[in-house]
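First the structure, in the form of structure tokens, and then the observations on it.
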Amino acid sequence: MSNYLMFWLSKSIVEFGIALGILAISGIVLLALWLPTWRKQSKCSHDRVHETQACDAICLRCGKNLGFIDTWREQQQCK
């Protein structure tokens, strides 16, 4: 009886470890894909924008959505 119990406990622990490993690997891959975009957007001055039909300001250099176009214009006038 105890052998069966140990088998099921160890099986659960191994499956949990495998799931954590897969989660960690996928997190590292997503971070590696996201990091260059984040660095590009954080270094950009966002001085050239494109206005969409939804009145969003999109930076032409990095592609970041800067929000409502009038809010962006007010921020640029205050500088």
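If you read the sequence shown in the numbering used here, its first letter stands for residue 1, the second for the next number, and so on.
The C-beta atom is built at its ideal place from N, Cα and C for all residues, glycine as well.
Just so you know, these numbers come straight off a predicted model, no measurement behind them.
According to DSSP, what are the bridge partners of residue i?
| i | result |
| --- | --- |
| aspartate 56 | Phe68 |
| glutamate 51 | Ala57 |
Specify, as a first and last residue, the run of the alpha helix (DSSP H) that residue i falls within.
| i | result |
| --- | --- |
| serine 45 | Premise fails: serine 45 is in no alpha helix (DSSP H) and is neither H nor E. |
Roughly how far, in whole angstroms, is the beta-carbon of residue i from the beta-carbon of residue j, given that I think they are within contact range, below 8 Å?
| i | j | result |
| --- | --- | --- |
| cysteine 62 | glutamine 41 | 5 Å |
*asked:* I want to know whether the region 29-36 touches the region 49-67 - three or more CB-CB distances under 8 Å.
replied: no
*Cβ contact check for the region 37-49 and the region 59-73: 3 or more pairs under 8 Å*: yes
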